[in-house]
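Q:
In structure tokens:
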């Protein structure tokens, strides 16, 4: 046959054997907090001298984390997070990972893996690190039982045991205080991302035992939960009818019946029109779980708007046999009125010393609507005037004004506006009173133009920042060399802050040449409610020296009159609000800024 063919056969056989690559790891191990452990990975089908080997782990609820690697030549690399506590090594055909001072967060599945073609991995070793700390579980018990009309031969009870440590907790079932030893399935505990365990158990009980009101208990450690067949509960029934706005210009409308708090799920709903059952009754939605063991559902009926508006009465009839419950809710169209009540404006209160409240009624038939006022519980007609009625789209607007003094409004008495549509309808009322919030004076800052703007632009902008004032009644004016300026000024929008106060920014634009001359510009602010006035000045301050208050430690000179532009400073430089940094010198008394 010759040597060559035999050699080929031998090489093929050896190749086949060598290609059976395996990485074998122990399945799991449990260690205590602070102990050490050496993970092992036995390989076959290749030589450790020819490949890089790695250790990777995956903690519960997290992704893969690379830990360490070792080259065939012996060079080692470790992840910074575990360096010094984890050590990779190899000997013969085994790769090791020595872990010292084990921590609870070392609990994970540890994999060994090889570089190269195919990149084979081991099956993984689950290393569980336990501590002496015991966390008691929370126990929850529920059933699959729902409808008494169903023909369930068995009922499943689910016991959920959550958030416990250590894993080896004892879980048992009881029926009428007697331990149950058969008829249930226990599922292994699962470690969560928070390093706490969760497990569950399912018990099957016969429908006859369940209907006999036996008491079942699931116990885990010294915690337990109890369940028995829930007692029937009758439903709570509420009607839902559309408003006149919703049915305007529509041909159909939906009437609804909301049912909640009933058990078991065997409720019946039917609809009637003028006391006669409707052939094609309403639609009942599938029941959903409500509070506790109860259920809730909705039944609705689609009707013609013409029938609804002409006064036909519709009835939702509800019955619940397990509780012998039955009721009927009648629904009929009624004209509705929407009412809005507007408080006096701040400007009117502080400037005119009067208060005007505006009551607006929105309706479909203004001829049937009238508005009345009460002040501090008494009818008020003095100071009441009516505005001309108007129409907005499909709605009619009726407005009534009540004028009084600012003093009465600020006294805190209650103002009530009521609107009624027809003698048979109930009035719709809105109430209001003064919150009596004390005025708050503003803080004022005057910011010079950014340095970059003075270099590159022909015009520059000064900014007056006013914050923290209440109410929103502020007066701002600009001056140049004590003379009033009325042109090239503008105001930004007033903003309501989370603190309940207001803020606003005012701007003055001047020529760059005018600014460089050193003209003095001022922002004058007054807030009448808090009797506050302020006047802030600014000018081109390049190259000037400023005096500082005494008592400041050396090297910490404050910004002084340069404060509007200054953001912060160190003992080496000063940083302006526009981001520019400049050198400065300071001692205990003076701060010189070199721009």
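Residue numbers (mature numbering (1 follows the signal peptide of the UniProt record, and there is no 0)): -19 to -1, 1 to 576. Cβ atoms here follow ideal geometry from the backbone N, Cα and C, with glycine treated the same way. All values reported here derive from a predicted model rather than from experimental measurement.
#1: What number of angstroms, rounded off, separates the C-alpha of residue 535 from the C-alpha of residue 520?
#2: Using 8 Å as the threshold, is the region 435 to 450 in touch with the region 478 to 487, meaning 3 or more CB pairs across them?
#3: Going straight from the alpha carbon of residue 55 to that of residue 185, what length do you get?
#4: Using beta-carbon positions only, say whether residue 256 and residue 280 come within less than 8 Å of one another.
#5: I need the boundaries of the beta strand (DSSP E) containing residue 353, first residue and last residue.
#6: Going by C-alpha distance, which of 337, 308, 325 and 291 is nearest residue 315?
#7: Going by alpha carbons, who is nearest to residue 289 out of 407, 298, 236 and 273?
#8: Spatial neighbours of residue 335 within its chain, please: CB distance less than 7 Å, with the 5 preceding and 5 following residues excluded, ordered by chain position.
#9: Tell whether a beta-carbon distance below 8 Å holds between residue 441 and residue 493.
#10: Quick check: the region 196 to 206 against the region 60 to 74, are at least 3 beta-carbon pairs closer than 8 Å?
#11: Use the C-beta contact count for residue 168: other C-beta atoms within 10 angstroms, 16 or more gives buried, fewer gives exposed.
#12: Ends of the alpha helix (DSSP H) at residue 188?
#13: Taking Cβ to Cβ, would you say residue 459 is nearer than 8 Å to residue 470?
#14: According to the Cβ coordinates, are residue 607 and residue 108 closer than 8 Å?
#15: Out of 161, 49, 33 and 76, which one is the CA nearest neighbour of residue 6?
#16: Helix, strand or coil: which one does DSSP assign to residue 287?
#17: Comparing C-alpha positions only, which one of 84, 38, 224 and 214 sits nearest to residue 243?
#18: In terms of residues, what are the limits of the beta strand (DSSP E) holding residue 370?
#19: Bridge partners of residue 200, per DSSP?
#20: Mind checking residue 401: buried by the 16 CB within 10 Å criterion, or exposed?
#21: Inspect the CB distances between the region 390 to 398 and the region 349 to 368 and report whether three or more fall short of 8 Å.
#22: How close, in whole Å, do the beta carbons of residue 17 and residue 80 come, if the pair is a contact with beta carbons under 8 Å?
#23: Taking 8 Å as the CB-CB limit, is residue 291 close to chain C?
#24: Run the CB neighbour count on residue 423, radius 10 Å, all protein chains shown included, and call it buried at 16 or more, exposed below.
#25: Do residue 29 and residue 74 have their CB atoms nearer than 8 Å?
#26: Straight-line CA distance for residue 137 to residue 152?
#27: For the candidate residues 426, 379 and 166, whose alpha-carbon lies nearest to that of residue 341?
#28: Determine the burial state of residue 1: buried for a count of at least 16 other Cβ atoms within 10 Å of its Cβ, exposed for fewer.
#29: One question on the structure: do residue 415 and residue 390 come within less than 8 Å of each other, judged by their Cβ atoms?
#30: Can you give me the C-alpha to C-alpha distance between residue 259 and residue 313, rounded to a whole angstrom?
#31: Over what stretch of residues does the beta strand (DSSP E) that includes residue 117 continue unbroken?
A: For this structure:
#1: Residue confidence is low: residue 535 scores 41 on pLDDT, short of 50, so the model does not pin down where it sits. Its coordinate-derived value is still stated next. For residue 535 and residue 520, the distance between alpha carbons rounds to 28 Å.
#2: yes
#3: 58 Å
#4: no
#5: 350 to 356
#6: 291
#7: 236
#8: 329, 384, 386 and 387
#9: yes
#10: no
#11: exposed
#12: 188 to 192
#13: yes
#14: Residue 607 lies beyond the residue range present for the chain, which begins at -19 and ends at 576; the question has no answer from this structure.
#15: 76
#16: helix
#17: 214
#18: Premise fails: residue 370 is in no beta strand (DSSP E) and is neither H nor E.
#19: 153 and 205
#20: buried
#21: yes
#22: 6 Å
#23: Protein chain content of the structure displayed is limited to a single chain, and chain C is not contained in it.
#24: buried
#25: yes
#26: 17 Å
#27: 379
#28: exposed
#29: yes
#30: 16 Å
#31: Here residue 117 belongs to no beta strand (DSSP E), and DSSP marks it neither H nor E.
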